[in-house]
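Below you'll find the structure, written out as structure tokens, and then a few comments.
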Amino acid sequence: MKRENLQRLLAPRHLAFIGGRSMARALKRCAEGGFAGPMWLVNPQYDELEGVPCVRSIAELPEGPDAVFVATNRDLTLQAVAELAAKDAGGAICYASGFAETGAEGEALQRRLLASASDMALLGPNCYGLLDYLHGSALWPVAHGGHLVEKGVAVLTQSGNFAYNLSMSDRSLPIAYMASVGNQAQLGVAELMDVLLDEPRVTAIGLHLEGLKNVPGFARAAFKALQKGIPVIALKTGVSEIGAELALSHTSSLAGSDALYDALFDRLGVIRVSGPVSFIETLKAAACGNLPAGPSLAALACSGGDAGLIADYAERNGLSLPKLVDAQRAELAQVLPDYANIANPLDFTTAIWGDGPALERMLDSALQTEADAALLVLDYPGEETGERPQCDLLLELYCAALERHGKVGFIASALPELLPKHARELLHAHGVAALQGVEDGLAAWGRIAHYRQCREALLARGEAALVPLCPQALESQGRMLDEWQSKQVLKPFGLPLPRAALSTPAQAREAATDVGFPLALKVVSAQLPHKTEAGGVALNLRNEAALEAALFDMRENIARHAPGVPFDQVLLERMANPPLAELIVGIKRENGFGLALVLGAGGILVELLKDSRSLLLPTTDAAIRDALLGLRSAPLLTGFRGRPAVNLEALVEAIRAVADYACEHVDTLLELDVNPLLADADGAVAVDALIRTAE
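Terminal number for the sequence shown in the working numbering: 733, no gaps in between.
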């Protein structure tokens with residue numbers, strides 16, 4: 039029922055506004071914007087406001103409206119939502135603040151609000167509302183800059199002001215929907231995405247996030263987008279410590295670990311951008327729905343300087359510029375002057391500027407290419423110059439040539455302000471992205487080309503289909519397992535371990551006979567997780583005399599550096615062969631967000647290199663393999679400077695054992711480290727492990 043009511047909210051037949059004069063103006067803006075269905079203004083104190091007749095109460099409405107904007111204080115909002123639910127309304131937007139973002143009292147009120155809504159769809163509270171430019175429904179408290187579109191992107195944001203500014207921007211982003219989600223008491227990013235992805239006129243999803251409240255739901259929706267080939271572009275704030283605190287106070291959102299957001303986005307093919315400009319331009323690159331099959335470009339400019347910019351920015355963003363074939367060069371030489379640089383990027387000069395037939399011949403020759411897409415850099419002069427008609431001519435000819443040759447294409451201006459509104463809108467009408475600024479434009483196109491290129495690989499890897507674990511909060515410090523205990527609980531899951539024996543110092547000589555020399559000697563105590571610093575580790579002991587000496591020194595070291603730790607248990611392990619690579623395999627727990635498998639360069643290089651990758655659990659062997667090969671230290675795994683490669687399959691199996699243990703113990707696991715995990719051509723072996731679990 040809630041899903042059906044959300045569909046009513048997103049495609050309403052009738053609207054209601056509850057409030058005063060601002061709501062009367064909002065209703066009139068809907069009429070001016072093209073909404074054709076019945077609209078009612080509810081106000082108990084007036085017969086009319088701003089020329090709009092008022093209905094005295096919700097009960098007196100002729101029927102339950104599909105979509106309602108509630109612009110009253112929080113106490114009256116609670117009452118209105120209950121009455122709307124009783125009236126069988128579809129969905130309500132709650133503008134009022136003062137709920138969960140304010141603390142415990144507000145959280146209690148928000149729970150009451152949610153209960154009052156029953157099966158009605160509820161957006162907010164503490165939100166600006168919903169702009170629907172497919173149907174002309176603007177459930178919004180102030181002016182907005184958008185207009186009706188045939189298709190476009192859906193933008194979901196936790197900032198009403200960001201949404202307002204985006205609607206007012208002079209960038210011609212075709213917006214189908216824009217929702218300010220506020221506190222996400224009921225409807226959040228995940229729920230809205232899921233329904234919006236069923237609207238065929240939505241070509242991409244844009245997310246401005248402070249934090250996610252429903253990671254599993256988001257993962258399901260993002261996987262649905264990946265299956266449909268609909269790009270999701272995310273601008274995630276709250277990266278800094280102060281930003282995370284602001285997110286919590288603004289919309290009661292937990293920012294979470296930024297590394298885990300990266301892991302989530304990478305898993306699901308979500309395109310992450312760094313700022314509002316890259317957000318808008320990347321959405322524009324996807325908005326027409328004509329995505330490039332790959333990263334190659336046929337690029338055109340009428341200036342050598344612009345051609346140079348194209349070449350540099352294409353390389354920077356992973357876009358290739360295939361060379362022209364001889365037949366193209368010959369054809370272009372017939373239409374262009376001798377001083378034209380016939381290459382890709384093509385500088386076709388201004389010699390044929392305004393010459394329709396010559397421009398058409400040039401475009402036909404340049405677009406006879408196997409490149410995945412075409413780019414034209416075009417800058418409009420000021421209107422007062424009288425030279426804009428020549429630009430309009432080239433633009434029209436370019437769009438026609440793309441259609442003639444069945445090419446995906448875009449236009450980018452060298453400077454953002456030199457592509458005027460009429461040109462942008464004409465391009466979008468032809469399904470050609472109008473990107474502003476050659477640097478931002480090529481970066482945006484590179485992101486979309488990379489998405490299209492990687493999508494099939496992500497689907498084949500299988501990880502995106504798995505719903506991430508979302509562990510409940512564990513507040514206790516828990517208990518630490520010693521190294522022996524940690525290894526023993528991991529062993530049944532398949533973690534390879536060296537031959538070993540647990541012993542007392544007095545019986546160590548007998549145990550060493552069973553283990554065999556050379557061996558490693560370690561103190562065993564849950565109170566001493568960092569044994570090396572306390573002198574609790576001795577390596578490469580080759581005989582009994584070396585073992586006796588190590589035991590004596592270790593007893594002295596422990597007494598000096600950790601006097602409270604008893605020296606009553608030791609671990610003897612057969613020394614492993616010198617490895618080709620050392621890795622750390624860990625589990626990071628983010629309460630309410632995810633459980634992550636962290637892979638990185640291990641041993642003494644952990645802190646020095648800070649070379650790691652994170653995968654949310656559960657994951658797949660293919661994803662583990664790709665993460666290993668994505669490390670900066672990956673050449674050590676694949677055969678560095680003629681050395682043999684590690685047994686990658688055995689290494690993946692060892693890591694899988696850690697991941698399987700973590701998934702089975704998600705309710706109690708607080709911390710896990712295997713460091714180092716030694717890898718060579720024969721396999722892998724874990725020589726140290728640490729686990730901390732809840733009591």
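Glycine included, each C-beta is placed from N, C-alpha and C at the ideal position.
Check whether the Cβ atoms of residue i and residue j lie closer than 9 Å to each other.
| i | j | result |
| --- | --- | --- |
| residue 298 | residue 263 | no |
| residue 484 | residue 327 | no |
| residue 259 | residue 231 | yes |
| residue 47 | residue 104 | yes |
| residue 433 | residue 461 | yes |
| residue 73 | residue 179 | no |
| residue 237 | residue 301 | no |
| residue 386 | residue 452 | no |
| residue 357 | residue 333 | yes |
Straight-line CA distance for residue i to residue j?
| i | j | result |
| --- | --- | --- |
| residue 669 | residue 663 | 10 Å |
| residue 597 | residue 578 | 23 Å |
| residue 666 | residue 273 | 27 Å |
| residue 533 | residue 724 | 7 Å |
| residue 287 | residue 141 | Note that residue 287 scores 43 on pLDDT, short of 50, meaning its location in the model is unreliable; the coordinates nonetheless yield the value given after this. C-alpha separation (whole angstroms): 9 Å. |
| residue 420 | residue 116 | 54 Å |
| residue 32 | residue 607 | The structure shown does not extend to residue 32, since the chain spans only 39 to 733, so no value can be given for it. |
| residue 176 | residue 85 | 23 Å |
| residue 427 | residue 247 | 42 Å |
| residue 544 | residue 565 | 21 Å |
| residue 431 | residue 405 | 18 Å |
| residue 93 | residue 166 | 23 Å |
| residue 595 | residue 574 | 7 Å |
| residue 560 | residue 610 | 7 Å |
| residue 523 | residue 353 | 52 Å |
| residue 63 | residue 491 | 47 Å |
| residue 489 | residue 335 | 16 Å |
| residue 591 | residue 690 | 38 Å |
Which term fits residue i, buried or exposed, when burial requires 16 or more other beta carbons within 10 angstroms of its beta carbon?
| i | result |
| --- | --- |
| residue 97 | exposed |
| residue 571 | exposed |
| residue 111 | exposed |
| residue 587 | exposed |
| residue 99 | buried |
| residue 50 | buried |
| residue 363 | exposed |
| residue 466 | buried |
| residue 521 | buried |
| residue 7 | Since the first residue of the chain shown is 39 and the last is 733, residue 7 is not available in this structure. |
| residue 153 | exposed |
| residue 726 | buried |
| residue 345 | buried |
| residue 61 | buried |
| residue 502 | buried |
Ignore the nearest five residues each way along the sequence and tell me which others in residue i's own chain have a CB closer than 7 Å to its CB.
| i | result |
| --- | --- |
| residue 27 | Summary: the structure shown does not reach residue 27, with the chain confined to residues 39 through 733, and so no result is reported for it. |
| residue 349 | 359, 383 |
| residue 43 | 128, 129, 157, 158, 159 |
| residue 113 | none |
| residue 289 | Below a pLDDT of 50, predicted positions are generally treated as unreliable, and residue 289, at 39, falls in that range; the measurement from the model is reported next regardless. So the list reads 139, 164, 196, 220, 221, 248, once near-sequence residues are dropped. |
| residue 381 | 362 |
Please go through the same chain and pick out, in chain order, the residues whose beta-carbon is closer than 8 Å to the beta-carbon of residue i, but skip the five residues on each side of it.
| i | result |
| --- | --- |
| residue 731 | 516, 517, 519, 703, 706, 707, 708 |
| residue 77 | 52, 53, 54, 55, 65, 68, 69 |
| residue 486 | 269, 309, 320, 323, 324, 329, 330 |
| residue 719 | 618, 682, 683, 684, 685 |
| residue 39 | 157 |
| residue 589 | 543, 546, 559, 608 |
| residue 698 | 531, 532 |
Identify, in the order they occur along the chain, each residue of the same chain with its Cβ nearer than 6 Å to the Cβ of residue i, setting aside the five sequence neighbours on each side.
| i | result |
| --- | --- |
| residue 147 | 137 |
| residue 478 | 315, 319 |
| residue 257 | 505, 506 |
| residue 369 | 403 |
Using a Cβ distance threshold of 8 Å, determine whether the region 544 to 554 contacts the region 702 to 717, with at least three qualifying pairs required.
no
Okay, do the region 442 to 451 and the region 407 to 417 touch, 3+ Cβ pairs below 8 Å being the bar?
yes
Between the region 618 to 631 and the region 504 to 512, do at least 3 Cβ pairs fall closer than 8 Å?
yes
Closer than 8 Å is the cut-off here; do at least three beta carbon pairs connect the region 182 to 194 with the region 127 to 138?
no
Are the region 677 to 685 and the region 647 to 657 touching by the rule of at least three beta carbon pairs closer than 8 Å?
no
Evaluate the contact criterion for the region 305 to 318 versus the region 430 to 444: three or more CB pairs, one atom per stretch, below 8 Å.
no
Counting beta carbon pairs with one atom in the region 366 to 379 and one in the region 393 to 400, are three or more of them shorter than 8 Å?
yes
Say whether the region 163 to 179 touches the region 212 to 224, bearing in mind that this needs 3 or more beta-carbon pairs closer than 8 Å, one atom from each stretch.
yes
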